[in-house]
Every structure is written in C-alpha cells, then in structure tokens.
Amino acid sequence: MKFLKYLLVFIPISIAAEFMKMDPIWIFIFSSLAIIPLAGLMGEATEEISIYSGPRIGGFLNATFGNATELIISFFALKEGLFDVVKASIAGSVIGNILLVLGASMFFGGLKYKVQKFNKSIVEVSASMLLFAVIGLSIPAIFTHTVNKELLTGKYEWLSIGVALAMFIIYLLGLYFSFYTHKDLYGSEHSDESEPKWSILKSIIILLVCTIVIALESEYLVSSVEPMTESLGLSKFFVGIIIIPIIGNAAEHSTAVLMALKNKMDVAVEIAVGSSLQIILFVAPVLVFVSLLFKPMSIIFNEFEMVALIVSVLIVNRVASDGESNWLEGIQLIAVYVIIAISFLI
Amino acid sequence: MKFLKYLLVFIPISIAAEFMKMDPIWIFIFSSLAIIPLAGLMGEATEEISIYSGPRIGGFLNATFGNATELIISFFALKEGLFDVVKASIAGSVIGNILLVLGASMFFGGLKYKVQKFNKSIVEVSASMLLFAVIGLSIPAIFTHTVNKELLTGKYEWLSIGVALAMFIIYLLGLYFSFYTHKDLYGSEHSDESEPKWSILKSIIILLVCTIVIALESEYLVSSVEPMTESLGLSKFFVGIIIIPIIGNAAEHSTAVLMALKNKMDVAVEIAVGSSLQIILFVAPVLVFVSLLFKPMSIIFNEFEMVALIVSVLIVNRVASDGESNWLEGIQLIAVYVIIAISFLI
Amino acid sequence: MKFLKYLLVFIPISIAAEFMKMDPIWIFIFSSLAIIPLAGLMGEATEEISIYSGPRIGGFLNATFGNATELIISFFALKEGLFDVVKASIAGSVIGNILLVLGASMFFGGLKYKVQKFNKSIVEVSASMLLFAVIGLSIPAIFTHTVNKELLTGKYEWLSIGVALAMFIIYLLGLYFSFYTHKDLYGSEHSDESEPKWSILKSIIILLVCTIVIALESEYLVSSVEPMTESLGLSKFFVGIIIIPIIGNAAEHSTAVLMALKNKMDVAVEIAVGSSLQIILFVAPVLVFVSLLFKPMSIIFNEFEMVALIVSVLIVNRVASDGESNWLEGIQLIAVYVIIAISFLI
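As structure tokens, this is what we get:
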C-alpha cells in the first residue's frame, strides 16, 4: 500500500484548486484523492497506539476509530443538510465492504490459491450480529414506508432515536463480549506480537494531524458534491452510495486484498464483515446523535438502501456458512455489486 | 413458577370487578392476571395426563392442548368479530416465542453459562418446518396485497381455507413423523421417567375446571378490549400482537427461562420453536375453521404480521444453525422484539 | 421412463389435429403430449454424444443442451410476442424443479428410505450460485418496480441487457470452474464408465430429428395458447408458470424421482438444482439476446415471479444445508408448490 502515499501530493493540489475556485468536479476529485492516503495513515496510527495500549484498549480504539474518515466526511455532509448522501454512504459502505472488498479478496486470493479457508466460527458471530442489526433497522423502515406518513410526524423521530440507541447499546455490549466475557474466542487473532514502528508521541501527532487535514478535505469534498452532481447530471444518491464509500475505505480495501493474497483469508473476511458491523452499529447511530445538533436525521433507510443492506447480509451469512472461498464466489460477489451500482447509476 | 399460583386470587377479583361494572381497563388487567396461572395449571394437568397415557398419545395431547389458552381467548375474540386482534395475536405468539422467550432464555442462561449448547438436528427439523409454514402463508398474502382486491372477492376465501387445510394436514403429518416414522430422532427427549404428581382423575378435573374458568375470564378480557383501547388510545393491533400473547404464554415462557438457567437449553429452544410451529400449523387453521361458524376469517396476514413472522423465521433458522447460544445472542433477540413492539405502539 | 415413449403417437395426432383445425384446447394438449417424449429422447441423445466426446465437452454439451426444449418453445413464444408466457415459464421452470421435482424425489425416496443423504458440498456450490443469480435478478426488478417507470424508458432496456450479459458470463465462468479449475470437486460424479447404447451417428440423427419435430410441435403449442386461454378463462400467466414448465421438464422430472427411488439422492438433487441454475444463468439470458431479433424482451421479472424465485432459492439453501432428506421435507416442498399454483390459478 506504499504507493498510496504518493497521493498525499493531492493535499496541496486540492487546497490550491479551492483557492483558485476551480470547477467543483476537480475539487471533488482532488480532495477525494487526498483523503485516501490520509485515511490509511490514520488507520496505521490507530494501530500503533493500540500496540502501546495493550490488546483491550487497543481493540476498542481500533473498533471505534477505524471508521473515523467516514465519520468526518459525514459530519460535514450532515452540517450541509445532505441527509440523502449521508444515509446512502452508510448503506454504500456496508455493500462496498461485503460485495466489493470481500469479493475482490476472494477473487484475487482464489486466483492464487485453489480453496481458501477461514475460521467460520468468528465470522458467524459477526454475520449473525449483522443479521440482527439489519433486521432491527428494517422493521421501522418497513413500517414507515407502508403506514400513512402523516400519522407519523413527530413520533417518527423518536422511533429513529430509539432504534439508534438500541444499535449503539448492542455495539457496546458486543465490545464487552469480545474483549471481556468471550475474549478467548478471538484470542489467537488479537495476540499481536508486532513491534511498533513509531513512538507513541509520533503516532498521536500523526493521528491529530490526519484528523485535521481530513476535516479540511472533507469540507472541500462535501461542498463540491452539489454543484458537481448538477453539472454532471449524476444523482447525489449515486455519489453517496458508490463513490464516497470507496474513498473512505480505500485503505482498508487494499489491506483486505493484500491479506487474501497472503492466504490470510481470516483477516480479509474479518476486515470486511467487522467494518460493516461497525458502520451499522456505531457510525450510523453516532451520526443520528450528532445530527440532533443541526437538524435531526432519521436512521430509517429508503427502499433501495434496505434492499442493498438485506442482500449484503444474506450473502455474508451464506458465505460464512461454509468457511471456504474460491475465485468463482469472489466474482459473483463483484457481479452483484456491479449490478447494484449500474442500477443506481441509471 | 410457584409464585404464579398466587395470581389465582385474581379470579374472584375479576368476577367482582365485572359485576361492579368497573372501568374496562381494570377488568382487562384482572382477567389477564387470572388467566396467567390458569394457563400454567392447564399445561401441568395436560402433562400429568400424558404421563398416564404413554408417550405417543401424551405427545399428541401436549402438542394439541399446549395452546388451549390461546384457542379459548381467540374463540371469544372471533365471536366478537375482532379478526384483527385474533390474527395479530397469532403473529404475536410466534414472535413472542422466538424473540422474547428464546431471547430471554439465551440471555439469562448465558449470564450463568458461558456457552450453552443444544441438539441442533432436532431444532433444525422444527426451524425448517417453520420456514416452509411461513413461506406457505406468505405466498397468498403477497399475492392478495399486490393484486387488485376487487378481483379477489369470493375466491379469496377459498384460497384462505385451502391454505389453512394445507397447514393442518402438514401439522398432522408432522405429528405422524415425530411419533411414528421418525420417533427415534426424538427418542431420548420424550422418554419421560417422571412420576405423576396427581392422580389421573384429579388431572382431568383440573383440566376441565381450568378450561371453564379460562373461558369465563377470556370473555371478560375480550369484551374489555374495545372500550379499553378506545379510552387509552392504544391500537387493538398492539393489544393483539404484544399483550395477549404474553398473557397466553406466560407460563410456558417462565418454564423456558427456568430450563435455560438449569442449562437445559434443548428444552428451552424446543418450547419456543415447537410452540411457534403449533401456533402456525394448528392454532391458526383451527381458528379459520371455527370462524366459519360465525363469519369467515381469512388466514391471510397483513404486511406487518408477515414481516414479523418472516423475521422470526429467519432468526430461528440462523440461531438453530450453530447449536450454540450466549448472552449476546439473547440480548439481540430481545432488542429486535423491543423494536417491533415500539414500532407497533407508535 | 419407457412408458413415456408411447406418447410419441401424439406427434401424428397433433399434426392431424392441426390440419383438421380442431379446437385449440386439443391442439394444446396433443402437442404438449408429443413434446414430452421428444424432450426425453433429446436428453438421451445428448448424453450418448457426451459419452463419445469425453467428460469435458460432454459436460458442456449436457449443461447447454439440457434445456433445449424450453429454449425452442420459448423461441416460438418470443416470435409471437408472448413475453409474459416466456418469463413466467422461466420462473416456473425454477420453482417446478426445486419445489415439485425435488419435493417429489424427497417424498417418494423418503417413503422407501427413512433418511436419504446427499453430498452437501456440491449442492452448496449450486445453491450458492442460485442465491447470487436470484439476487442479481432481483435488484433491477426491485428498482424498476419502485421507481417511477417514466424515468426508465430506454435506460431500462440497457439495464436488462447488462444483467443478462452478467448472468451469461457467470454461467461460462461456472462451466470453467467445474470443468477446469475445480473439476476434482465434481470428479467422482462425472467419471462416467457407462457404455454408449447408440452409435455417434445415430445419436446425432436422433438429436437433429427431435429438434425439428419439437420445433414443429412448439409452434402448434404456442399458437394455441392464446385462443385456448381465452376460451377456458385461464390466465396466460398460469399456463406459462405451471403448465409449460411441466411439459418441458417432464422427462428430467421422472429421472430425478427414479434416482431418488434408487437412493441416489445426489443425482436427484443435482438434476433439480443444476437445471434451475442453467435456466436462470443460460436460458434466460439467451432468450433476452434472441429477443433482440424480434422485439427486446426485458429480463426483469414481475413481483410474483420474483417471489416464487426467492422462495425457491431460500428453500434450496435451507435444504442443502443439512445434506439429508426425508418424506416430510418432500411433502412440505410439494405443499408450497401447490399453494403457489393455486394462488396463480385464482
């Protein structure tokens, strides 16, 4: 992933473009390219800090700051009132992780190794949590899409906050489960004997600097979404569900594929599934809570987002059930992703 | 469960309240509280009789009279034409059993034992039957909700009776399967060496007395539903899907949790899943047939009930697939139940 | 299946009926009865040729010509513009294979053998591909049924062609997977030491003659559909989803049941699941491509067809997951099929 670091050059380029008031399309592209390596660096810094802090706090830090980039981008989108983009990017992160990342890992890994095995019992815990989470999200969505909407004003918001709260509590309980009561289940994986590359001070400074620069670039990115989509005739929804998740997760994605190429399918699957779980149980509720500062955003997804989420969860439960993968499975996951993307584009 | 018996004091209280023409809310509460211990006693009496009658007839009796309370309450609701309440309480019993009872069993059992195992091959037979039953019910429901309703008058009723008949035949074949052709599969479970507590005569008398008193209390309960929901601003649907199932199943529910606390997860899971299966394949069709005496009730559920049923079936199939449970799984099931309940309340 | 050959007598009868301009009902019945043995003979001839050609090309021939009858019937239906009938018969072939054929195999096999086992790892590859295929088909269907249809004109067709292309590519990759990269997975099954009954020349002549006669009979069949459904008050949709698939697959169906009766459940399951997969991934896309010669047919199914497809896929994934079957499972599959058929009839 070293080549990603060359993209850091887009930080000054994007700032210059903003000052020169270039076409929003260029600002969108430059700030996107700048965010990709920053998100990667931020992930590395978090991992460094976790080595110093010991496995428990480290696991917690990783689980919580792993999606910081998405949180920052979404924060600015919330501030601009781009609720459609925020919710689409939540759903898009989940399908991107499960269909595109897992698919690419299985495909490229499968070209090198005939059959790749992974520990299905850990994946099943996550896949099962993902099933419950998506069911929990679907129920109010189905209700509100069917019931007469006028009956719901007011109550609707409370339902959304209640669901967000339930998700967040399950998230905390899930961390307690994996780091306290059932940590032996995950034991062998998390016993990290890796040496830290950076000092703790350097790691914290990198984390802080990245956060600040990502915030800046996210502001550029978000403010260019509306003029860009208008001039290109793209839907904001497409940008939210396909493009933003790819930007926010590019670093993680390349890690997962690299792990698959090293035949560490366990890690690749855990990145894809674990990351999806964090987005639904942590990022989505936090964004609902944060939105209360501006204008309340509902956690209730639209039909397309629900379909995409349900499809992802069905597939991940199917895939987890045999603990094996091959290139054909990978290409099928990618094909489903491409069909979803084309459907949204049209 | 001994403490439940103190609730028998609500039999005279509810009768007094009815004669004093108290507020329907009180009548609803008192008769509900009176039904809970009666349902428990009735279950015990059925089990006593099964010890005398030998395992085959005993199993049949248990399977058939296990839901007598629901049948009696629903009979009076049918007579009053409260079809919405009857159908909601069928769906509510299934989700109550699978999400609330199974969830509570897994949660409380999981607090005491780290991982609880159960025989997944027996659960899979039931989970699989539940899947087929809910699919069978969904198909005409989906058709009738999509197709122009005017085209359906008349034909609609026959479709409903046909589906009810199909369910009932599958129920009888399922009993034949588990007590004749494949009884060895269930062998070890049903070999009951327990001593009867009561004489056969005493058991029959208790069964009869309970039936009569439950009938009386059900009449009070049902007649208070409409005035109560009006004065409290609750929907009849909420009463049907959440409250009535809890009343009718309280005794079974506490048994399941007690079994989980004794690490007999097999029994707890079988109570929850088996009971759901009986409701769909036996109680629902019988109520359709009984309704022909008054005004025909269709077996076709509305969208919300279908969603609740499908969700329950997906979850039970997921849960059954690994033959293990822990507290986190339990709390997730309960969370889904709470989200459903809140959605219906709003 | 020898008795099927007596049905060949309906070839001259149907030709005579056509010349005598008999009632379309009779023409429909006679040509249907003539097609059944022809489809069987064609299948046999294909298998003979595969013995000569070696396992790889033979497997490919079998996989590709196995559904020739459906292709020929659908070709004439496309030419007549009967898109509803064509699409209904695609969905109907899948549900017929999975619910009726697999159900009948499990039921009749289960009457003779208490529990029948099959190699679940092979079935899981097919069941998993079926899941992906149906998900791939569902996504654009859900989108187009929800989105305002006026927005879609034009684009709609491209989406359909794109999905058809994706399906077809997955089909080719699936053949490459099973005959090249992972052929050992299927190894023991395909090692056919059977002696050819016919010479290669005889086989090719039979194949050609059958193709020509099926084409003739299909033309009779298709041209009688419209007048027949009108005079009987049946929907064309019912003919497409229930009757035509039974005609086209009767020979395969009886083979599957015969195999189950010989306790070769592996073969029976593979016929049902493999055939469904070929229909979705090969027959459906080819028909979309062929339709471009006349008037473009969309690959997007209606709600009922989608429900039937999704139900079938859920069931086959459930059934495949334990690698065992019994008579009760069989009868449940048949019951779901009957409920679907009755719903369509009404």
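Residue numbers (the UniProt record's numbering), protein chains in the order written: chain A, 1 to 346; chain B, 1 to 346; chain C, 1 to 346.
Heads up, the beta-carbon is just placed ideally off N, CA and C, and yes, glycines get one too.
In the DSSP assignment, find the unbroken alpha helix (DSSP H) run with residue i in it and report its ends.
i: C/H253; result: 244-261
i: A/V115; result: Looking at the DSSP string, A/V115 is not in any alpha helix (DSSP H), and its letter there is neither H nor E.
i: B/P296; result: Careful: B/P296 lies outside any alpha helix (DSSP H) and carries neither H nor E.
i: B/Y52; result: 24-53
i: C/L314; result: 303-320
i: A/S178; result: Note, A/S178: premise wrong, no alpha helix (DSSP H); not H, not E.
i: residue 347 of chain A; result: Any question about residue 347 of chain A goes unanswered here, given that chain A covers just 1 to 346.
My output table needs one value for residue i: the three-state DSSP class, helix, strand or coil.
i: C/E157; result: helix
i: B/S325; result: strand
i: A/S199; result: coil
i: A/F3; result: helix
i: B/D266; result: helix
i: C/N62; result: helix
i: A/G162; result: helix
i: A/Q332; result: helix
i: A/K236; result: helix
i: A/M167; result: helix
i: A/M228; result: helix
Please classify residue i as buried or exposed, where buried requires at least 16 neighbouring CB atoms within 10 angstroms.
i: C/D266; result: buried
i: A/S191; result: Any reading at A/S191 must be qualified, since the residue scores a pLDDT of 48, below 50, and its modelled position is unreliable; the value itself is stated next. Under this definition A/S191 is an exposed residue.
i: C/S188; result: The predicted model places C/S188 with a pLDDT of 49, which falls under 50 and marks its position as unreliable; any figure quoted below should be read in that light. C/S188 comes out exposed.
i: residue 347 of chain C; result: The shown model of chain C, from 1 to 346, leaves out residue 347 of chain C, and the question about it has no answer.
i: C/E270; result: buried
i: residue 435 of chain C; result: Because chain C here runs from 1 to 346, residue 435 of chain C falls outside it and cannot be looked at.
i: C/Y220; result: buried
i: C/M228; result: buried
i: B/A68; result: buried
i: B/G109; result: buried
i: B/N317; result: buried
i: C/M259; result: buried
i: B/E195; result: exposed
i: residue 347 of chain B; result: A query on residue 347 of chain B cannot be resolved here, the shown segment of chain B reaching from 1 to 346 and no further.
i: A/T245; result: Residue identity differs from the one stated: residue 245 of chain A is Pro in this sequence, not Thr. Buried: at least 16 other Cβ atoms inside 10 Å.
i: B/L232; result: exposed
i: A/G54; result: exposed
i: C/F304; result: buried
i: A/Y180; result: exposed
i: C/L293; result: exposed
i: B/E217; result: buried
i: A/P12; result: exposed
Do the CB positions of residue i and residue j come within less than 8 Å of each other?
i: residue 347 of chain A; j: A/L71; result: In the structure as shown, chain A starts at 1 and stops at 346, and residue 347 of chain A therefore has no counterpart that could be examined.
i: C/C210; j: C/M42; result: yes
i: C/G81; j: C/M129; result: no
i: C/L159; j: C/P140; result: yes
i: C/A320; j: C/E124; result: yes
i: C/L277; j: C/S50; result: no
i: A/V101; j: A/A256; result: yes
i: B/L7; j: B/I36; result: yes
i: B/I300; j: B/A284; result: no
i: C/A39; j: C/I214; result: yes
i: A/A88; j: A/F237; result: yes
i: C/Y113; j: C/N263; result: yes
i: B/F282; j: C/L328; result: no
Taking only runs that begin and end inside the stretch 74-140 of chain C, name each unbroken alpha helix (DSSP H) of 4 or more residues, in chain order. 83-95, 102-112
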